[in-house]
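Position 29, counted from 1, in the sequence shown is what the UniProt record's numbering calls 29; the numbers after and before it change by one each time, with no gaps.
Note that beta-carbon positions come from the ideal geometry of N, C-alpha and C, so glycine has one too.
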Amino acid sequence: MSQISSQAGYLLDHAAIDWHDDASPWSEAFEDIYWHREGGLAEKQYVFIEANHLRARWSDLQQPQFTILETGFGFGLNFLLAARLWQELAPPGKLLHYQAIEYAPVTPADLEKLHASLCPPTNTEPDAGALHDLAQRLVRRYPLPTHGLHPIWITDTICLTLIYMDVGAAMPLITEPVDAFFLDGFSPSQNAAMWDPKLFSQCARLSHQQTTLSTYSVAGTVKRGLKDAGFEIKKIPGFAGKAEMLTARTTTAAPQPRHQQTSRVVIVGGGLAG
């Protein structure tokens, strides 16, 4: 188990993690697992990368920037998968801006431990080298748990902005149009605040007609919240025969995104500090 307590108001508590079978991190606060050792990475690929059709969209990308917003960064596995695909497919001169909201960041030691088990340098599987390199870049640039925004340039074409805030406080601050939402918080039954109806209204505000959304959760509160916010939801088969998952598109958004490409200027000290 690892836990660090805040010494000042601007510091967030790191997540308290128990390691099951030395490769499956368990959240003590929410009594839920971050990651399943068997098939966990493939499941994330299915639920978020494939369900948002990123390969097809990035193969013919016309806009200068593609923006993803994730709720629940955790160990950054969804980010690593998206970044790897971006490196493979993105046309020259395009930018991936990946924003992720997290209120209880994992410790650097826990982050490195999972990444080492996930993508060791000796792994010879296809694309394993790229995933390992991206994981190492994230570990080296991983910020302190200070309240606010942390822009991190992973490469010249990939900017990760970690938003260390409560999701309810963070969402209204975001103004950039979002092309794909990854809703990956802990189960609504364990972490209801992460799935508050206001979240879905904020997602709708940031959407345009090409925006997509995916989540593993098919809880009634999630389906109702998305519908009430103006999303058209679709249940599709879950990963490897598991229960269904959700995808969604907004029915009331503006026709086209109005991206202003993210500046290379890094905000020192965590940006919008609380």
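- Within a 10 Å sphere around the beta-carbon of PRO151 sit 16 or more other beta-carbons, which makes this residue buried.
- Pairwise C-beta distances place the stretch 164-179 out of contact with the stretch 108-115, as fewer than three of them are shorter than 8 Å.
- Per DSSP, THR157 has no beta bridge partner at all.
- Secondary structure at PHE66: strand, using DSSP grouped into helix, strand and coil.
- In the same chain as LEU96, and ignoring 5 residues on each side of it, the C-beta atoms closer than 6 Å to its own belong to PHE66, TRP86, ILE158, in chain order.
- By the Cβ test, the stretch 64-84 is in contact with the stretch 153-168, since at least three Cβ pairs between them sit closer than 8 Å.
- In this structure LYS235 is in contact with VAL218, their Cβ atoms being roughly 6 Å apart against a cut-off of 8 Å.
- Remark: C-beta atoms of ALA135 and LEU80 approach each other more closely than 8 Å.
- Short of 6 Å from the beta carbon of PHE181, and not among the five residues preceding or following it, lie these beta carbons of its own chain, in chain order: LEU69, CYS203, LEU213.
- The Cβ neighbour count for LYS44, taken over all protein chains shown within 10 Å, is at least 16; the residue is labelled buried.
- The way I'd put it, the stretch 133-147 doesn't touch the stretch 191-203; fewer than three beta-carbon pairs between them come closer than 8 Å.
- In the three-state reduction of the DSSP assignment, LYS234 falls in the strand class, which pools E and B.
- One thing to note: THR247 has its Cβ no nearer than 8 Å to the Cβ of ALA100.
- Taking a 10 Å sphere around the C-beta of SER207, we find 16 or more other C-beta atoms and assign the residue as buried.
- Of the other Cβ atoms in all chains shown, 16 or more fall within 10 Å of the Cβ of PRO145; this residue is therefore buried.
- Put simply, of GLU244, HIS14, GLY238, PRO64 the residue whose alpha carbon is nearest the alpha carbon of ALA104 is HIS14.
- Taking MET245 as reference, the option from GLY220, ASP179, ASP228, GLN190 with the minimal CA-CA separation is GLY220.
- Assigned with DSSP and collapsed to three states, THR252 falls in coil, not helix or strand.
- Between the C-alpha atoms of GLN210 and GLY168 there is a straight-line separation of about 24 Å.
- Remark: C-beta atoms of LEU61 and ALA83 do not approach each other more closely than 8 Å.
- In the DSSP assignment, ALA100 falls within the beta strand (DSSP E) that extends over 95-101.
- With respect to the C-alpha of ILE49, the residue from GLY40, ASN78, PRO108 having the closest C-alpha is ASN78.
- Rounded to whole angstroms, the gap between the alpha carbons of PHE231 and ARG55 is 23 Å.
- Taking all protein chains shown into account, HIS147 has 16 or more neighbouring C-beta atoms within 10 Å of its C-beta and is therefore buried.
- Fully enclosed beta strand (DSSP E) runs of no fewer than 3 residues occupy 148-155, 158-164, 180-183, 212-215, 231-236 of the UniProt domain "MnmC-like methyltransferase" (131-249), in order along the chain.
- DSSP, read as helix, strand or coil, puts HIS115 in helix.
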